[in-house]
Each structure stands twice: as C-alpha cells, then as structure tokens.
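Letter by letter, the sequence shown follows residues 945 to 1181 of my numbering.
Below you'll find the structure, written out as structure tokens, and then a few comments.
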Amino acid sequence: MNLLIIILGALIFIVIAIAKFKIHPFITLILAAIMVGFLMDLEGVVILDKISEGFGKTLSSIGIIIGFGAIIGTFLEKSGGTATIAKYLLTHERQMIGGIGETDVKKEVHSVAIDNLPINNGVITDGILRNQITDFEMNEEIFDLTIQRVTDEAKTGNNSGALSSFFKFYATELNISRHELLMAIGGSEALFWGENEKSDGDLARKFCRSKGNSIEGGTSEIQLNIISKLILGLPTK
C-alpha cells in the first residue's frame, strides 16, 4: 500500500481517536504505530521491536526532563501553585495594560488641542470639545493618582489582586476616549492612514489599535464581571 496513504490514514485515526472518542494520546499513538506496521506488512514481533526502539530513543534524550516535569507539575497541581502562577501572570499583564509602571510620556490632550484648534484669548473656541477635554483630563488625573497610590502600596507588599481588573478596564476606556478626542481634534486630516504632507497616518493607526485594548489581558466584559464579584461583592445571579 502507498506509504503516503498509510501515513495520512494514521494521522486521521490519531485525530479522530483523541478529539472525538477521547482516547488517551499515548494509547492512540501506540495503536496508530501498530496499525501502520501491519499495513506495511511487518510481522508482529518486528512492529513491537520498532515501537520499543523508537520509544527508547525518545526517552534516552528527554526522559529525565519529562520525569521531572511530571513531578513538578503534580506538586504544583496539588499545592494550588498552578492557579497562583496563572493568577499572578494575569494580574501582572493587566497591571501593565492598566498603566502601573508605565513610563511612556504622552502629550496632554489640551496641548494637542491648543496646537490644532482655533483659540480666542487662550480658550479653545469649540465649547463641546473644550468640555470633553476637561472631563477627560480630570478623569485621567484621578486615575493617575489612584495608580500612584496602589503602586506605593505594592512596594510594601500589598498586591493589587482583583483591583488589576479595574485598572485594566478603566485604562482601556481612557485610552479609547483619548484617541477619540485626538481624532476629533485632528478633524478630517486625522483620517489619513498613509503618510502625506499633512499627516504621517500614525494617529489613525493608533486610534484603531486602541480598540484592541478591550481584548488584551481579558476582555472588558470579563473585567467587569471580576469587578462586580470580587470588588463590589455583587451577586452573580
């Protein structure tokens, strides 16, 4: 029988056995190896010898690593260490997205507005945008002060825990609002995606990119569920 057809059949068997019938991968691989051996017209003894030889070569190179990995994995599972590690990594990621430890200095929105909008006696003439910028920068300042307080607490060993979900969610909303305001300030020129004499297209790209913050580190819906349950103590049903 054609070797390619045999290998393809073995792969299909492995996928179906594991995915549909939930047979253990190790047993599935052994059965697939036996099946391939018979289809290749090998004797039963030869098939078993080839399986043992291949298994032995694999274990000789990575057997110790697999053994220690299994032992460590069992310890972590029984002690709850895996959940602790996963929770720490997620918390750290959400803190970074939320802005804890952020060193990037961004130009203030009102400064961008002053450079690009009509000004009368030092005041932005567009009253709607002026109020929106004021509200945004007040919220941003409050958030920065909260981040600073939590950062100081973290230095004393008090981890932010579930609060990282709040930081991630609110920082996402602030970042989206910031880029929406910048697009409004830039007007039609801010819509340019490519580089030209009036724009390098960077603002439009960053505006689209800001929407992705609502997915990174857990969607905003997940963060709101965590906030309602672990911070606000609201009932789940």
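From the three backbone atoms N, C-alpha and C, an ideal C-beta is built for every residue, glycine too.
Just so you know, these numbers come straight off a predicted model, no measurement behind them.
Open item on the list: What would DSSP say about asparagine 1064, mapped onto helix, strand or coil?
Closed with: Here the question's residue 1064 lines up with position 120 in the sequence shown. Reduced to three states, the DSSP call for asparagine 1064 is strand.
TODO: Quick one: grab the DSSP three-state call for threonine 1186.
DONE: Any answer about residue 1186 is impossible in this case: the structure gives the chain only from 945 up to 1181.
Open item on the list: On the CB-based measure, 16 or more other CB atoms within 10 Å of its CB, does leucine 1118 come out buried or exposed?
Closed with: Sequence index remark: in the sequence shown, residue 1118 carries index 174 (1-based). Counting Cβ neighbours within 10 Å, leucine 1118 comes out buried, since at least 16 surround it.
Open item on the list: Determine whether the beta carbon atoms of phenylalanine 1110 and isoleucine 1015 lie at a separation below 8 Å.
Closed with: As a working mapping, residue 1110 is identified with position 166 in the sequence shown. As a working mapping, residue 1015 is identified with position 71 in the sequence shown. No, Cβ-Cβ distance for phenylalanine 1110 and isoleucine 1015 is not below 8 Å.
Task: Residue environment, isoleucine 949, which counts as buried when at least 16 other CB atoms sit within 10 Å - done: Walking along the sequence shown from the start, residue 949 turns up at place 5. Per the 10 Å Cβ criterion, exposed.
- [ ] Throw me the rounded Cβ distance for the isoleucine 971 and glycine 981 pair, which I believe falls under 8 Å.
- [x] Reading the sequence shown from its first residue, position 27 is the one you call residue 971. Reading the sequence shown from its first residue, position 37 is the one you call residue 981. Isoleucine 971 to glycine 981, Cβ: 16 Å. No contact.
- [ ] Report all residues from its chain with a CB closer than 6 Å to the CB of phenylalanine 1068; omit the five preceding and five following residues, and keep chain order.
- [x] Along the sequence shown, one-based indexing puts residue 1068 at 124. Note that residue 1068 is isoleucine in the sequence shown, not phenylalanine. The beta carbon of isoleucine 1068 sits closer than 6 Å to the beta carbons of Ala1057, Leu1061 and Arg1074 from its chain, once the five residues preceding and following it are set aside; these are given in chain order.
Open item on the list: Tell me which residue opens and which closes the alpha helix (DSSP H) that glutamate 1117 is part of.
Closed with: For the purposes of this step, residue 1117 is identified with residue 173 of the sequence shown, where counting begins at 1. Note, glutamate 1117: alpha helix (DSSP H), 1107-1130.
Task: Endpoints, the alpha helix (DSSP H) within which proline 969 is located - done: Here residue 969 refers to the residue found at position 25 when the sequence shown is read from its first residue. 969-983 is the span of the alpha helix (DSSP H), which, as asked, contains proline 969.
Open item on the list: Assuming contact is defined by CB atoms lying nearer than 8 Å, are asparagine 1157 and threonine 1116 in contact in what I supplied?
Closed with: The residue you call residue 1157 lines up with position 213 of the sequence shown. The residue you call residue 1116 lines up with position 172 of the sequence shown. Yes. Within cutoff.
Open item on the list: Pairs of beta-carbons, one from the stretch 1130-1140 and one from the stretch 1080-1100, closer than 8 Å: are there three or more?
Closed with: no
Task: Secondary structure of glutamate 1133, DSSP reduced to three states - done: As a position in the sequence shown, residue 1133 is number 189, starting the count at 1. Residue state, collapsed to three classes: helix.
Task: Cβ-based neighbour list, leucine 1107, same chain, cut-off 8 Å, excluding 5 preceding and 5 following - done: Against the sequence shown, residue 1107 aligns to sequence position 163. Excluding residues within five positions, the ones whose Cβ falls inside 8 Å are Val1094 and Ile1175.
Open item on the list: On the criterion of 16 or more Cβ atoms from any shown chain inside 10 Å, does glutamate 1052 qualify as buried, or is it exposed?
Closed with: Taking the sequence shown and counting its residues from 1, one reaches residue 1052 at position 108. The residue in question, glutamate 1052, is exposed, as its Cβ has fewer than 16 Cβ neighbours within 10 Å.
Open item on the list: Does phenylalanine 965 come out as helix, strand or coil in the three-state DSSP assignment?
Closed with: What you label residue 965 is simply residue 21 of the sequence shown in a count that begins at 1. Note: phenylalanine 965 maps to coil in three-state DSSP.
Open item on the list: Suppose contacts are defined by Cβ-Cβ distances below 8 Å. Is isoleucine 958 in contact with alanine 976 by that definition?
Closed with: Translated into positions along the sequence shown, residue 958 becomes position 14. Translated into positions along the sequence shown, residue 976 becomes position 32. For isoleucine 958 and alanine 976, yes; Cβs fall inside 8 Å.
- [ ] Please name the residue, chosen from Thr1018, Leu947, Phe965 and Leu973, that lies closest to methionine 984 on a Cα-to-Cα basis.
- [x] Position 40 of the sequence shown, counting from 1, holds the residue named residue 984. The shortest Cα separation from methionine 984 among Thr1018, Leu947, Phe965 and Leu973 belongs to Leu947.
TODO: Quick one: give me the first and last residue of the alpha helix (DSSP H) that lysine 1150 is part of.
DONE: Locating residue 1150 in the sequence shown gives position 206, counting from the first residue. Where lysine 1150 is concerned, the enclosing alpha helix (DSSP H) stretches over 1146-1154.
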